[in-house]
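Participant: So that we are looking at the same thing, I have put the structure below in structure tokens.
Protein chains: 2
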Amino acid sequence: MHAQHHIGIDLGGSSVKASAVTRDGTLLESLNLPFVDRDMEWALRVEEAVESLRTKLGEPSGIGLSAPGLAAADERSIAFMPGRLDGLEGLDWTRRLGSSTPVPVLNDAHAALLGEAWIGAAAGVANTFMLTLGTGVGGAAIVDGRLLKGRLGRAGHLGHVSVDFLGPLDDVGTPGSVESEIGNKTLRKRCSGRHANTHALVAAVESGDLEARQIWERSVRALSAAVTSLINVLDPEVVIIGGGIARAGKTLFEPLATELERVEWRPGGHQVRIVPAQLGDLAGAYGSAVNSIRRQLPAVDGR
Amino acid sequence: MHAQHHIGIDLGGSSVKASAVTRDGTLLESLNLPFVDRDMEWALRVEEAVESLRTKLGEPSGIGLSAPGLAAADERSIAFMPGRLDGLEGLDWTRRLGSSTPVPVLNDAHAALLGEAWIGAAAGVANTFMLTLGTGVGGAAIVDGRLLKGRLGRAGHLGHVSVDFLGPLDDVGTPGSVESEIGNKTLRKRCSGRHANTHALVAAVESGDLEARQIWERSVRALSAAVTSLINVLDPEVVIIGGGIARAGKTLFEPLATELERVEWRPGGHQVRIVPAQLGDLAGAYGSAVNSIRRQLPAVDGR
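If you're matching them up, the sequences are chains A and X in order.
Residues are numbered in this note's numbering as their position in the first sequence, beginning at 1, plus a constant of 20.
Residues are numbered in this note's numbering as their position in the second sequence, beginning at 1, plus a constant of 20.
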């Protein structure tokens, strides 16, 4: 016999992560199955992951799934994901996985924040948002205990806030977005090709390279402006910073704290806590699992 | 006999607006009582307004109130409002007005949006936000059918988003905020004293003044960047633009639409509607009234 558990699936751009988790957040098992993005190979990997956990742990109480793109309002599919993972748009995962209970589907960044707000960096916090600093900048927000979804499931695209309204347009048209200022995809342009990626830039900063330091300080200042803007819009208790660039550790978090000292609105002295993400690559799978768990609880909130 | 009604009070900076409204949004009566901000004269005006409506229309089914500042989480008072309306912080309005039912208290911008989303520019819309362009820039947001409040009741301070991260700090510390770029409080500085206020600037634009036009275009471009950022964060169906500056009409809304054509992310062709506020000065009083009405309904949502 195995403990009652839920399966959380996080379908990424190049691998499927799956976790089997109990209702109190104990991880029983996790898997990472890479795929090449062609002929819906990813769908087979998802089925394989579920089958493998099922064989090992028995029938799950429920399954949740997250993937890139905008989730449909009924949470049965990803409604909008142009350009990659061909075949994902409109795919009904409850049917595909032959599940006897509905398989709720979430946007991947939404799922990651649900995970962090469940058993990670903002466990139990009712007001929080997360910025994920990587190739691009992703995000999600929970306000008054509820994950923001919005009309099209687009809410929480925190990388696409403008911090330079006269700046160049990013992938979705936002002028001078925080993604353009700190995302790895623009790094080579920002440093005129001197560094291959943000890790190399950060290493140069840490070794005392002044030019690297100027580039980095500009990025951190842009990030601080976005964070303080989002604090004024969303009023969190905790802000989570995740993604590969957050591994810069104090080289990121120290100047960010210094700049927020200058620009953060702190009514009555209240200061927002800025913390690193805790769940790493498994955040989305945890979030998908807890989304399934909550679907089966008597409704106490809309998360 | 009079119809069952609720009283909505909007305590402003220099006058108290009050409305008596039925549950379906019919206005029975409204009042506007000016005051000078000293010795809590405003509290007497609020009592007068309630008393006057009570004498005319009989006992209300409930009373709601809005005022500047951050509302307490229990909605019994304004918890934070430094610098003016001395005596407002912590004042329990249920007790002060001797009401037999709780008098829910809201931030004024929150109340105005509730009003507009009830019977105004976004009636019946579940995802919307409002920017109020005046001396400063205020705002509020409803996402997934719920008014965003946040940890301190600060959510929706949409004027304090940075659109120029290297810019000067505004009243709450935000660098290069949209309030700094379009709020009337910075107009004289932005036009080197050539125009007394934004109405004069807009009049100059309309009469073909090229210098005025450049200043205005910059403001509208900053506003567009903020609007598109907030669309990406909050994912509305409708964006409401209100406040005195919105009376510029097509001189504001036409270049705003043109710029959004360029910068708005429109997944699957979905375009957000940008509309002028409809309720004018009474929005906050309507919103306070509907907040009282909803408090007495069986809970169907958290608004």
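C-beta atoms are modelled at their ideal positions from N, C-alpha and C, and glycine is treated no differently.
1. Based on Cα-Cα distance, which residue from Ile235(X), Thr248(X) and Glu257(X) lies nearest to Leu209(X)?
2. Going by DSSP, what residues sit across from Asp30(X) in a beta bridge?
3. Measuring alpha carbon to alpha carbon, tell me which of Gly288(X), Val181(X) and Trp62(X) ends up nearest Ala242(A).
4. Exposed or buried, what is Asp321(X) when buried is set at 16 or more other beta-carbons lying within 10 Å of its beta-carbon?
5. Is the segment 85 to 101 of chain A touching the segment 165 to 176 of chain A, taking contact as three or more C-beta pairs under 8 Å?
6. Taking the beta strand (DSSP E) that Gly262(X) falls in, what are its first and last residues?
7. Give a yes or no on contact between the segment 116 to 132 of chain A and the segment 74 to 84 of chain A, applying the rule of three or more CB pairs nearer than 8 Å.
8. Just the chain X side, please: which residues come within less than 8 Å of Lys169(A) by C-beta, in chain order?
9. So, do the segment 61 to 75 of chain X and the segment 21 to 35 of chain X have three or more beta carbon pairs nearer to each other than 8 Å?
10. Return helix, strand or coil for Asp190(X), following the three-state DSSP convention.
11. Taking all protein chains shown into account, decide if Ser197(X) is buried (16 or more other Cβ within 10 angstroms of its Cβ) or exposed.
12. Considering only C-alpha positions, which residue in the set Ala246(X), Leu280(X) and Ile261(X) is nearest to Val295(X)?
13. Here's the rule I'm using: 16 or more other beta-carbon atoms within 10 Å means buried, otherwise exposed. How should Lys169(X) be labelled?
14. Considering only residues of the same chain and omitting the five flanking positions on each side of Thr155(X), which have a CB-CB separation below 7 Å?
15. Kindly provide the ranges of any alpha helix (DSSP H) runs that are 4 or more residues long and lie completely inside the segment 110 to 143 of chain X, ordered along the chain.
16. Can you confirm whether Ala216(A), when its beta carbon is compared against all beta carbons of chain B, has any partner nearer than 9 Å?
17. At a cut of 8 Å, does the segment 289 to 305 of chain X reach the segment 245 to 258 of chain X through at least three beta carbon pairs?
18. Which partner residues does Val295(X) have in the DSSP bridge list?
19. Write down the C-beta distance between Phe55(X) and Ser39(X) rounded to the nearest angstrom, noting that I regard them as a contact closer than 8 Å.
20. Should Phe185(X) and Ala246(A) be called a contact, given that it needs their Cβ atoms to be closer than 9 Å?
21. Output yes or no for whether 9 Å exceeds the beta carbon distance between Arg233(A) and Glu201(A).
22. With DSSP run on the structure shown, which of helix, strand or coil describes Arg286(A)?
23. Could you check what DSSP says for Asn311(A) in three-state terms: helix, strand or coil?
24. What's the call for Tyr306(X), buried or exposed, on a 16-neighbour Cβ count within 10 Å?
25. What do you reckon, are the CB atoms on Phe158(A) and Ala131(A) nearer than 9 Å?
26. Please say whether Val41(A) and Ala309(A) have beta carbons closer to each other than 9 Å?
27. Using a Cβ cut-off of 9 Å (strictly closer), state whether Val183(X) contacts chain A.
28. Can you tell me where the alpha helix (DSSP H) holding Asn52(X) begins and where it ends?
29. In terms of residues, what are the limits of the beta strand (DSSP E) holding Leu151(A)?
30. To which residues of the same chain is Ala99(X) closer than 6 Å at the C-beta, ignoring the five residues directly before and after it?
31. Should Gly304(X) and Gly103(X) be called a contact, given that it needs their Cβ atoms to be closer than 9 Å?
32. Quick one: Cα of Glu136(X) to Cα of Gly213(X), how far?
33. Please say whether Asp57(A) and Asp112(A) have beta carbons closer to each other than 9 Å?
34. Identify, in the order they occur along the chain, each residue of the same chain with its Cβ nearer than 6 Å to the Cβ of Ile265(A), setting aside the five sequence neighbours on each side.
35. Beta-carbon of Arg282(X) versus every beta-carbon of chain A: anything under 9 Å?
Facilitator: On the basis of the supplied data:
1. The count along the second sequence starts at 1 and reaches residue 209(X) at position 189. In the sequence as presented, Leu is not what sits at residue 209(X); that position holds Lys. That would be Ile235(X), whose Cα lies nearest to the Cα of Lys209(X).
2. Locating residue 30(X) in the second sequence gives position 10, where the first residue counts as 1. Bridge partners of Asp30(X): Lys37(X) and Ser86(X).
3. Walking along the first sequence from the start, residue 242(A) turns up at place 222. Looking at the Cα atoms, Val181(X) is the closest of the given residues.
4. Along the second sequence, read from residue 1 onward, the residue named residue 321(X) stands at position 301. Model confidence at Asp321(X) stands at a pLDDT of 48, short of 50, so the residue's coordinates are unreliable; what they give is reported in the following sentence. Result: exposed.
5. With a cut-off of 8 Å on Cβ pairs, the segment 85 to 101 of chain A is in contact with the segment 165 to 176 of chain A, counting three or more such pairs.
6. Position 242 of the second sequence, counted from the start, is the residue given in the question as residue 262(X). Looking at the DSSP string, the run of the beta strand (DSSP E) that includes Gly262(X) is Val258 to Gly262.
7. Remark: three or more beta-carbon pairs, one from each stretch, lie closer than 8 Å, so the segment 116 to 132 of chain A and the segment 74 to 84 of chain A are flagged as touching.
8. As a first step, residue 169(A) must be located in the first sequence, where it is residue number 149. Chain X residues near Lys169(A): Val163, Asp164 and Asp255.
9. Because the criterion of three Cβ pairs below 8 Å is met, the segment 61 to 75 of chain X and the segment 21 to 35 of chain X touch.
10. Locating residue 190(X) in the second sequence gives position 170, counting from the first residue. DSSP places Asp190(X) outside both helix and strand once states are collapsed to three, so it counts as coil.
11. Within the second sequence, the letter at position 177 stands for residue 197(X). Flag for Ser197(X) reads buried.
12. Here residue 295(X) corresponds to residue number 275 of the second sequence, with the count starting at 1. Nearest C-alpha to Val295(X): Ile261(X).
13. As a first step, residue 169(X) must be located in the second sequence, where it is residue number 149. That one is buried.
14. Taking the first residue of the second sequence as 1, we reach residue 155(X) at position 135. Taken in chain order, the residues that qualify are Gly203, Asn204 and Lys205.
15. As far as the segment 110 to 143 of chain X is concerned, its whole alpha helix (DSSP H) runs of at least 4 residues are 113 to 116 and 128 to 139.
16. Given the protein chain composition of this structure (A and X), no chain B is represented.
17. They touch, by the three-pair rule.
18. Locating residue 295(X) in the second sequence gives position 275, where the first residue counts as 1. DSSP, once it has assigned bridges, lists Ile260(X) as partnering Val295(X).
19. Along the second sequence, one-based indexing puts residue 55(X) at 35. Along the second sequence, one-based indexing puts residue 39(X) at 19. Incorrect: roughly 17 Å between the Cβ atoms, too far for contact.
20. In the second sequence, residue 185(X) corresponds to position 165, counting from 1. In the first sequence, residue 246(A) corresponds to position 226, counting from 1. With contacts defined by Cβ atoms closer than 9 Å, Phe185(X) and Ala246(A) form a contacting pair.
21. As a working note, residue 233(A) is residue 213 in the first sequence. As a working note, residue 201(A) is residue 181 in the first sequence. Contact flag unset, no.
22. Here residue 286(A) refers to the residue found at position 266 when the first sequence is read from its first residue. Correct three-state label for Arg286(A): coil.
23. On the first sequence, position 291 is the one that residue 311(A) refers to. Reduced to three states, the DSSP call for Asn311(A) is helix.
24. The residue given as residue 306(X) occupies position 286 in the second sequence. By the neighbour-count definition (other C-beta atoms within 10 Å, threshold 16), Tyr306(X) is a buried residue.
25. Residue numbering aside, residue 158(A) sits at position 138 when the first sequence is read from its first letter. Residue numbering aside, residue 131(A) sits at position 111 when the first sequence is read from its first letter. For the sequence presented, residue 158(A) should be read as Gly rather than Phe. Between Gly158(A) and Ala131(A), the C-beta gap is not smaller than 9 Å, which leaves the two residues out of contact.
26. Numbered from its first residue, the first sequence carries residue 309(A) at position 289. Numbered from its first residue, the first sequence carries residue 41(A) at position 21. Result yes, Cβ atoms of Ala309(A) and Val41(A) sit closer than 9 Å.
27. For the purposes of this step, residue 183(X) is taken as residue 163 along the second sequence, with counting starting at 1. It does: the Cβ of Val183(X) has a partner Cβ on chain A nearer than 9 Å.
28. Residue mapping note: residue 52(X) aligns to position 32 of the second sequence, counting from 1. Asn52(X) -> not in any alpha helix (DSSP H); beta strand (DSSP E) instead, spanning Leu47 to Pro54.
29. Taking the first residue of the first sequence as 1, we reach residue 151(A) at position 131. Its beta strand (DSSP E) spans residues Thr148 to Leu153.
30. Mapped onto the second sequence, residue 99(X) falls at position 79. Correct list, in chain order: Leu90 and Ala92.
31. Here residue 304(X) is taken as the residue at index 284 of the second sequence, counted from 1. Here residue 103(X) is taken as the residue at index 83 of the second sequence, counted from 1. No. Outside cutoff.
32. Residue mapping note: residue 136(X) aligns to position 116 of the second sequence, counting from 1. Residue mapping note: residue 213(X) aligns to position 193 of the second sequence, counting from 1. For Glu136(X) and Gly213(X), the distance between alpha carbons rounds to 35 Å.
33. Your numbering for residue 112(A) matches position 92 in the first sequence. Your numbering for residue 57(A) matches position 37 in the first sequence. In this structure, Asp112(A) keeps its C-beta atom at 9 Å or more from the C-beta atom of Asp57(A).
34. Numbered from 1 along the first sequence, position 245 holds the residue referred to as residue 265(A). These residues qualify, in order along the chain: Leu153 and Thr218.
35. Your numbering for residue 282(X) matches position 262 in the second sequence. Taking CB atoms only, Arg282(X) has a neighbour in chain A less than 9 Å away.
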